[in-house]
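Counting from 1, one number per residue, gives the positions in the sequence shown under full-length UniProt numbering. Following: one structure in structure tokens, then a few remarks.
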Amino acid sequence: MTTVSEAVAHAVAACADDVFALMGNGNAHLLDALSRTEARVTAVRHEAATVASADAYHRVTGRLAVATTTYGPGFTNAVTPLAEAALARTPMLVVTGDVPASGARHHDVDQVSIARATGALVRHVNPAAPGKQTVAAVQEALVRRRPVVLGVPYDLATVGARDDVVPGLEQQPDPPEPRAEQIEAVAALVADAKRPLVLAGRGAVDAGAEVRLLADRIGALTATSAPARGLFAGRRYDVGVCGGFASVPAADLIRQADVVLVLGAGLNSFQTAFGTAFAPGAKVVQVDVAAKPTHASVGLHLRADVGRTVVALLGALEAGETPAEPWCGVAHEAGERDLHAVRETGEGVARDGRMDPRSLFTYLDRMLPKERQVVSDGGHFIGWAPSYLSVPRPDATVLVGTAFQSIGLGFASAPGALVARPDVLTVIVTGDGGGVMGIADLETVVRLGRSTLVVVVNDAVYGAEVHQYGSQGLDQDVMRVSEMDFAAIARGFGAQAVTVTRPADLDWVVQWVRHGARGTLVVDAKVSPEIVAPYMHEMAAQAKR
Numbered sequence: 001m002t003t004v005s006e007a008v009a010h011a012v013a014a015c016a017d018d019v020f021a022l023m024g025n026g027n028a029h030l031l032d033a034l035s036r037t038e039a040r041v042t043a044v045r046h047e048a049a050t051v052a053s054a055d056a057y058h059r060v061t062g063r064l065a066v067a068t069t070t071y072g073p074g075f076t077n078a079v080t081p082l083a084e085a086a087l088a089r090t091p092m093l094v095v096t097g098d099v100p101a102s103g104a105r106h107h108d109v110d111q112v113s114i115a116r117a118t119g120a121l122v123r124h125v126n127p128a129a130p131g132k133q134t135v136a137a138v139q140e141a142l143v144r145r146r147p148v149v150l151g152v153p154y155d156l157a158t159v160g161a162r163d164d165v166v167p168g169l170e171q172q173p174d175p176p177e178p179r180a181e182q183i184e185a186v187a188a189l190v191a192d193a194k195r196p197l198v199l200a201g202r203g204a205v206d207a208g209a210e211v212r213l214l215a216d217r218i219g220a221l222t223a224t225s226a227p228a229r230g231l232f233a234g235r236r237y238d239v240g241v242c243g244g245f246a247s248v249p250a251a252d253l254i255r256q257a258d259v260v261l262v263l264g265a266g267l268n269s270f271q272t273a274f275g276t277a278f279a280p281g282a283k284v285v286q287v288d289v290a291a292k293p294t295h296a297s298v299g300l301h302l303r304a305d306v307g308r309t310v311v312a313l314l315g316a317l318e319a320g321e322t323p324a325e326p327w328c329g330v331a332h333e334a335g336e337r338d339l340h341a342v343r344e345t346g347e348g349v350a351r352d353g354r355m356d357p358r359s360l361f362t363y364l365d366r367m368l369p370k371e372r373q374v375v376s377d378g379g380h381f382i383g384w385a386p387s388y389l390s391v392p393r394p395d396a397t398v399l400v401g402t403a404f405q406s407i408g409l410g411f412a413s414a415p416g417a418l419v420a421r422p423d424v425l426t427v428i429v430t431g432d433g434g435g436v437m438g439i440a441d442l443e444t445v446v447r448l449g450r451s452t453l454v455v456v457v458n459d460a461v462y463g464a465e466v467h468q469y470g471s472q473g474l475d476q477d478v479m480r481v482s483e484m485d486f487a488a489i490a491r492g493f494g495a496q497a498v499t500v501t502r503p504a505d506l507d508w509v510v511q512w513v514r515h516g517a518r519g520t521l522v523v524d525a526k527v528s529p530e531i532v533a534p535y536m537h538e539m540a541a542q543a544k545r
């Protein structure tokens, strides 16, 4: 007899290679059944990491994200990353224990309402056909690009399945295709543009070669969202990241664009520098699978697949020579050097005797192998890695938490990146506030990491709050964090560790790299809270409005 849990496990294994899990009463039988399938189960140490790691895994590989938790507090512990996954449109299956079919117990909560409040979809299995029900939930997650929470009622987990068939996934529907009149309108806009800009996000990664060809054809400058960094690596006239993480000369050029072609980017507050990234008169065209424009600046929206749209545009544009000098020479500097790298590198040690974070990341970029992926938590420091650490590919920057503007998901999401790409150096960047929130999964990082550098940007404050609200005169006592010794904490988890207060201390990193960069090295970087990231000035201005 095949039980409900076994049927669900077989269906999950048929649809996914990896599952991120934390066991409890509600999913114990499921995980036992998964152990006898070909699916790889990665155990984490906090339920938030089940969903956050699955999300990161999807962002690196493009494959279905799968997580599992128990019911009740196990499920509610995963709500923050679930909201992030919903906002980020991550196709995900979250299998969780749920209220018994016979009725709620005194300690049960309404998980259905909680899940739906995050934007996730909710489905349940029962003994009638749990395998088919699971595959249907996966199908829905893939088609609608949303997390689906699949509840297994507690009292049905070991009941026999009346139908244990596990059907194959249906062929995915073709992505939406642009209408001919839309292509004509966009082609006319870019053909007449004097200073075109192509801004690409994660939704353009699969069409990277075609997007580069289009940018060359129309003589455009290029830029990306922070998660898509690396898409235009090596291209002349690429200015790096658009928005709050842009360098000053890059931001100046972006504001001069007369037509902005946004391909697969959501235009969130970071990408648009809180609405100031583009000139007021710029014509903004957005191509995205979202049903409607995601920003007020969009004048023309195409609900369409980026790849199909770009191919159609290339066909509509008259073939001609690539402009020798895009933007009529205005952007000459962008063709001569990497404008994204034109930044202040700091003084090494700030006035307060602590490390200048700009110098810290400048030195790390030079010291570390170029073949790397970067996983970053949220907080004041979030701009340092996208600004100073180069990445070789557009799937090498993982920022789980930015859609929901959460902190504390750095350690929680890192296992997903480590499982997805174990063969390269993984750089994990977190703050002291967010780092201590997710510290349980430093153990998971140490257990999984073949070559992992953890950088704790330790300034003993909640920097985003200090710079936004402390600057307005609000009381800062609750904005400050007791100085923590993350190096000592890391050694307790089995990692190598070093405390950094000045550039010379980074010799430990150099030696670690020379000896093969093996295992996990935690850098407890005592940085100055006086050095404010440029994008924080924009956030502070928003907070005063």
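The beta-carbon is built from N, C-alpha and C at its ideal position, and this holds for glycine as well.
Where G433 is concerned, the enclosing alpha helix (DSSP H) starts and stops at 432-437.
Residue ranges of uninterrupted beta strand (DSSP E) with 3 or more members, entirely inside the stretch 87-122 and ordered along the chain, are 92-98. Between V445 and V523, the C-beta spacing is not below 8 Å. Sequence-distant partners of L121 (beyond 5 residues in either direction) whose C-beta falls short of 6 Å from its own C-beta, in its chain, are R146, V148. Looking at R393, Q256, V310, the one whose alpha-carbon comes closest to that of G329 is Q256. Where A279 is concerned, there is no enclosing alpha helix (DSSP H), because DSSP gives it neither an H nor an E.
For R40, no alpha helix (DSSP H) encloses it; the enclosing beta strand (DSSP E) starts and ends at 40-43. A distance below 7 Å between beta-carbons, with the five flanking residues on each side excluded, links D352 to the following residues of its chain, in chain order: S528, E530. Closest in C-alpha terms to E371, from the list L82, I382, D395, comes D395. The criterion of a C-beta distance shorter than 8 Å is satisfied by V190 and L261. For the pair of segments examined, the stretch 408-426 was found not to touch the stretch 336-346: the number of CB pairs separated by less than 8 Å stays below three.
Measuring C-alpha to C-alpha distances from M479 to each of H29, V461, Q468 identifies V461 as the nearest.
According to the DSSP secondary-structure assignment, M355 is paired through a beta bridge with V349, V527. Collapsing the DSSP output to three states places P127 in coil.
If you look at T444, you'll find it in the alpha helix (DSSP H) that goes 442-448.
By the C-beta density criterion, K526 is buried, having at least 16 other C-beta atoms within 10 angstroms. Only residues of its own chain outside the window of five on either side were considered, and among them V289, D305, R308 have a CB closer than 7 Å to the CB of P175, listed in chain order.
Sixteen is the threshold: when 16 or more other Cβ atoms of the shown chains lie within 10 Å of the Cβ of V60, as they do, the residue is buried. V66 sits away from A49, with the two beta carbons spaced by 8 Å or more. One thing to note: M355 has its Cβ within 8 Å of the Cβ of T501. Going by C-alpha positions, E336 is about 53 Å away from I114. Looking at the backbone, the Cα of P392 and that of P369 are separated by about 11 Å.
One alpha carbon belongs to Q468, the other to E483, and they sit about 21 Å apart. Excluding residues up to 5 positions away in sequence, A16, D17, D18, Y57 lie with their Cβ nearer than 8 Å to the Cβ of R63 in the same chain. By the Cβ criterion, the stretch 128-145 is in contact with the stretch 2-13, since at least three pairs of Cβ atoms, one from each stretch, lie closer than 8 Å. Counting only the Cα atoms, G433 lies some 16 Å from W384.
In the three-state reduction of the DSSP assignment, A48 falls in the helix class, which pools H, G and I.
Across the set L314, T118, A331, Q476, the C-alpha of A331 shows the shortest separation from the C-alpha of K194.
As DSSP reads the structure, H301 sits in a beta bridge with Q286. Measuring C-alpha to C-alpha distances from L360 to each of V429, T402, G244 identifies V429 as the nearest.
The shortest C-alpha to C-alpha distance from A312 to any of A187, E140, G230, Y388 is the one to A187. About 17 Å separates the CB atoms of L267 and V211; that is not less than 8 Å, and the two are not in contact.
Counted as a single uninterrupted DSSP element, the beta strand (DSSP E) harbouring P153 occupies residues 147-153. The three-state reading of DSSP puts L521 in strand, counting E and B together.
Within a 10 Å sphere around the beta-carbon of D98 sit 16 or more other beta-carbons, which makes this residue buried. Looking only at I407, L150, L199, the smallest Cα-Cα distance to A464 is reached by I407.
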